[in-house]
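Start counting the sequence shown at 446; every next residue gets the next number (the working numbering). Ideal placement from N, C-alpha and C gives every residue a C-beta, glycine not left out. In what follows, a single structure is set out as structure tokens and then discussed.
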Amino acid sequence: MKDGIIILGHGSRREDANDEIRDITAKLQEKNPDNKYQVAFLEFGKPSLVDAIEGLLEEDKFEKIIIMPMFLTVGNHMHRDIPGKILRLKTTYPDMKFAFARHIGPDRRIVDIAEDRINDAVELL
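Right, here's the structure in full:
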């Protein structure tokens, strides 16, 4: 059985910023067609986390739903807001397994990307 995977962005009033999370979600879906990916936003953007999960559950049956936060750092959203929403979802859907993936954090690959961006900026001088 396939998994439902939520790519959770912070959300912005700027739709072009939200579109970047949508683009990442679409690329992940292309790379992993056996699972179902859905974008969601914590604030400002649509759909919300709850709406995205409800949409997944209406669309298909899943063994579990994995929530992948697209956050670089651990702040209040990671410590309090998202876990609180997941707890409420577990109450609403007691038979569903929810997994909360780690934030992106100081992964070596992020360090490499940052280094590339710095080098790109220097080349523009």
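8 Å Cβ shell around residue i - same chain, five flanking residues per side excluded
i, result
"Lys535", "Met541 and Phe543"
"Ile563", "none"
"Glu568", "none"
"Gly550", "Leu517, Thr518 and Val519"
"Asp415", "For residue 415 there is no data in the structure shown, the boundaries of the chain being 446 and 570."
"Arg467", "Val484"
Host beta strand (DSSP E) of residue i (start-end)
i, result
"Lys542", "Lys542 to Phe545"
"Pro449", "Checking the sequence, you will find Gly at residue 449 rather than Pro. Segment Gly449 to Gly454, the beta strand (DSSP E) holding Gly449."
Start-to-end residues for the alpha helix (DSSP H) that takes in residue i
i, result
"Leu532", "Ile527 to Thr537"
"Ile558", "Arg553 to Glu568"
Which of helix, strand or coil DSSP assigns to residue i
i, result
"Met523", "helix"
"Ile549", "coil"
Cβ neighbours of residue i in the same chain (closer than 6 Å, five flanking residues each side left out)
i, result
"Pro492", "Ala485"
"Thr470", "Ile452, Tyr482 and Val484"
Other residues of its chain near residue i: CB distance less than 7 Å, five sequence neighbours each side excluded
i, result
"Arg554", "none"
"Arg525", "none"
"Leu501", "Gly449, Lys481, Gln483, Phe507 and Ile510"
* Asked: Which runs of the alpha helix (DSSP H) fall wholly inside the segment 468-511 and span at least 4 residues, in chain order?
  -> 494-504
* Count the C-beta pairs between the segment 483-498 and the segment 447-455 that are closer than 8 Å, then say yes if the count reaches three, no if not. => yes
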